[in-house]
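In the working numbering, the protein residues as written are 33 to 224.
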Amino acid sequence: MKKIFSYSYPKIVKRFALDPAKAAKKVTFKFDPKYDGFAETNWPDPIITGNPSQIKDSPNGMGWFAHELTHVVQNYKTGCTVGSSSNWFVEGMATYGDWSYSPNGDGVIFQDPGAPKSTDSYKDAPPGVGARFLVWVEKHYSSKIVDKVNHGCQIGTQASTTFKSVTGKTVDQLWKAYKADKKFKISLPLNR
Ligand SMILES: [Zn+2]
């Protein structure tokens, strides 16, 4: 974990912190066998809590760690929502952080969820589905979309507003176009 932290965290801070100079320098990680989720980060404290047995069985190996470190840096005071769907950007971006800044090694397993099924919705999809959608929006509309939505939420502009102002489309419209794009592929890890 120390190796991943020193590789990933400075990159995540540099790209995603509102003010990298003010980002937490120290992050605390707690194993809690009684915590009944996988892992979570509670803003504004740079503290990650994880369930040891779930983490041991993690399908993307140690990739979860850069995912949580991305949550630490997001630190949204008023969330980052698209309509009634509060979490898909927060979670999708955290996995985008894993795909971009986890080391290629050290037990990390990158998992491409593949093209969305016709019945899938970004609103209740697992984080990888949201992350893959973000990569599509990045390729088709703006290479800065993740950064702009992230920084917008850090200063209180909700995700739906930034998606509309950058792409001219609602997230529902973007999702529909993404689902219809049968040729789109990604290769992981991203951006290197
Ligand atoms: Zn998460």
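Even for Gly, the Cβ is constructed at its ideal location relative to N, Cα and C.
Asked                                                                                                                     : Found
Per DSSP, the bridge partner or partners of GLU72                                                                         : THR81
Identity of the residue in SER132, THR73, GLN190 and TYR39 nearest ALA163 by Cα                                           : SER132
Segments assigned alpha helix (DSSP H), at least 4 residues, entirely inside the region 90 to 176                         : 95 to 106, 120 to 133 and 159 to 172
Cβ neighbour criterion (16 or more within 10 Å) applied to TRP75                                                          : exposed
HIS103 beta carbon near ligand 1 (any heavy atom closer than 7 Å)                                                         : yes
Closer than 8 Å to chain B by CB, VAL181                                                                                  : Reference to chain B is not applicable here, since this structure consists of a single protein chain.
ALA191 CB to nearest heavy atom of ligand 1 below 7 Å                                                                     : no
Those residues, in chain order, that have a beta-carbon closer than 5 Å to some heavy atom of ligand 1                    : GLU123 and ALA126
CB contact flag (PRO135, TYR39, <8 Å)                                                                                     : yes
Buried versus exposed call for THR194 [16 or more other C-beta atoms within 10 Å across all chains shown]                 : buried
Distance CB(PHE207)-CB(PHE165) smaller than 8 Å                                                                           : Per the sequence shown, residue 207 should be read as Trp rather than Phe. For TRP207 and PHE165, yes; Cβs fall inside 8 Å.
Beta-carbon separation (whole angstroms), SER192 vs VAL203, contact threshold 8 Å                                         : 6 Å
Nearest to VAL104 (by Cα), restricted to the options THR151, ILE44 and GLY115                                             : ILE44
Cut-off 6 Å between Cβ atoms - residues of its own chain near TYR67, not counting five sequence neighbours on either side : THR81 and ASN83
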